[in-house]
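These notes are about the structure you will find just below.
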Amino acid sequence: MSKELHKILQAREERAQKRSEIAAASKASVSLSLNIPSYPKHNQLCRDVFPWIVEELKIHLLAHRVELGAEDLITDEAGLLYLAVLEESDDLKSVKEITEDFESKHAVSRILDVDVYDESARPVSSGKKKPCIICQDKAAVECMRERKHDYQELRANIFEILQDYKDQYLAMEVSEKLSEICSRALLYEVSLSPKPGLVDFYDSGAHTDMNYYSFLKSTAALAPLWKDFALAAWKEDAELSRALSEIRVLGLKAEQRMFAATRNVNTQKGLIFLLGISVYTVSHLLKNHQELNVQNIRNCIRAICKDLVNAELVASSKKQSSHGEKTFQKYGVKGAGARYEAQEGFPVVFETALPFLEKQEKLDFQDKEVMENILSQTLLNIIANTNDSNVLYRKGTEIAEELKKLASEALLNKDNYNKLALFCGEQQISPGGSADMLAVTLFFYDVKQEID
Ligand SMILES: [Zn+2]
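First residue of the sequence shown: 46, per the working numbering; consecutive thereafter.
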């Protein structure tokens, strides 16, 4: 007998011993393992995905009211095994059916083995035969008996299926997490009150066509769409050189949803573009196992938005269609707004706002006062250090510079905040570009806090 086989048999014996111990307490049990032929019985890929499959099985059992007792996660020479005590054993046939249902619907169905053992540690069988991993219509045991497939071929097939599952699982996890962070950034930004000239909980600032609820509506409309920006970066043929056009397609769809929700009021159009790029960037770095540091993030944003100002604003400024384009023609790069920020890798976010935010006390949602204070200071910091293209477009350089000056004074001394608010009120200005940058800053702050 080979040394490997000896070790596998020994491990299997120890597993049988564990099942007998459960049976000795008059309990039935359920187990999950991966069916990996030949040796070794597990590799890093198996160890990465196994805990996820265990969690999925547990949720499936819980949903079918199958109650589990003590559980064990075993890694040994025989492979990976999850073993749990079944609290009730009056209807083990049904439990077996429930596990078969899980097995048959799972993405790695053919590799899973879910077994149910009765109180005497005997396997409960349904008589169904598992299909072969390679052949569509043959039972796995038959192919094994006939030695129809080479072990290397079988293993290669299995690891390919597991790798696909891992990629899809991670893509979904990353995209859901980033969506959560996006929606939260938007909600925090709009809820921060007071904000000079901007829509907040109490006031609509310089706006007559929108209020706090307009923002809740558009934030909700956008919530299901952020994950698409993340998944786009995860596609097999995704390339940074084509990312911008992908982001535009998704952005236009999001824009339509926003306008439909707000009855044609532009609440967050700029943010869709800025956060769309941000989500794509973080997702791209995660997919390619690159560290989420400022340098990598900014390089990626710059690569996506290469020559954006030139390509879009210089080329189209003669037509003068959008605010951004008109402001660019009049004020050059200073007025290029979101596009310039994107092309340069969000300098205001990474050189000013994020370092400022990270120097403050940690954002803790349970302390409302501290939260509001930090968010407000960060916004003032952005207004003081940015050329808000919204303000430039409507009011010109002088007013824009005065706004920056008043914001820095309010940042130094809270008593000066009213002067800034009054100025925005009198001049009817709304630093919307700065509010957008606050949301982007919050996005990257949370990415750093919550994703490693
Ligand atoms: Zn086969």
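Heads up, the beta-carbon is just placed ideally off N, CA and C, and yes, glycines get one too. Predicted model only: the values in this text are computed from it and were never measured.
Any non-hydrogen atom of ligand 1 within 6 Å of residue i CB
i: Cys91; result: no
i: Cys177; result: yes
i: Lys183; result: yes
i: Cys227; result: no
i: Lys193; result: yes
i: Cys180; result: yes
i: Cys345; result: no
i: Cys350; result: no
Nearest candidate by alpha-carbon position, reference residue i, set the options
i: Ala166; options: Arg60, Pro82, Ile428; result: Arg60
i: Pro85; options: Val111, Leu106, Ile53; result: Ile53
i: Phe489; options: Leu451, Lys280, Ala398, Gly441; result: Ala398
i: Tyr325; options: Asn344, Thr307, Val415, Arg308; result: Asn344
i: Val393; options: Ser479, Lys103, Gln472; result: Ser479
i: Lys141; options: Leu102, Ile178, Leu126; result: Leu102
i: Glu49; options: Cys188, Glu66, Ala123, Leu118; result: Ala123
i: Ile143; options: Glu205, Gln181, Asn430, Leu107; result: Leu107
i: Phe391; options: Leu420, Ala484, Leu425; result: Ala484
i: Thr312; options: Glu389, Phe260, Tyr214; result: Phe260
i: Tyr257; options: Pro239, Asp93, Tyr210, Ala268; result: Pro239
i: Ala152; options: Tyr196, Ile179, Ile206; result: Ile206
i: Glu446; options: Ser421, Leu457, Ile474, Arg229; result: Ile474
i: Leu297; options: Glu281, Trp97, Phe274; result: Phe274
i: Arg293; options: Gly321, Asp212, Ala306, Trp279; result: Gly321
Contact set for residue i: own chain, Cβ-Cβ below 8 Å, skip 5 residues either direction
i: Leu137; result: Ala73, Leu131, Val161, Asp163, Val169
i: Ala383; result: Gly315, Phe318, Leu319, Gly369, Ser434, Gly478, Asp481
Residue i (DSSP reduced to helix, strand or coil)
i: Tyr162; result: strand
i: Gly296; result: helix
i: Asp93; result: helix
i: Ser134; result: coil
i: Ala152; result: coil
i: Val99; result: helix
i: Pro269; result: helix
i: Thr442; result: helix
i: Leu125; result: strand
i: Glu406; result: coil
i: Asp282; result: coil
i: Glu116; result: strand
i: Leu237; result: coil
i: Pro85; result: coil
i: Val75; result: strand
i: Leu501; result: Residue numbering for the chain in the displayed model covers 46 to 497; residue 501 lies beyond these limits and cannot be assessed.
i: Ala70; result: coil
Own chain, CB closer than 6 Å to residue i, minus 5 neighbours either side, in chain order
i: Asp158; result: Ser78, Asn80
i: Ile28; result: Residue 28 is absent from the structure shown; the chain starts at 46 and stops at 497.
i: Ala129; result: Val75, Leu113, Glu116
Own chain residues within Cβ distance below 7 Å of residue i, not counting five before or after
i: Val244; result: Val235, Gly250, His252, Met255, Asn256, Tyr257, Phe260
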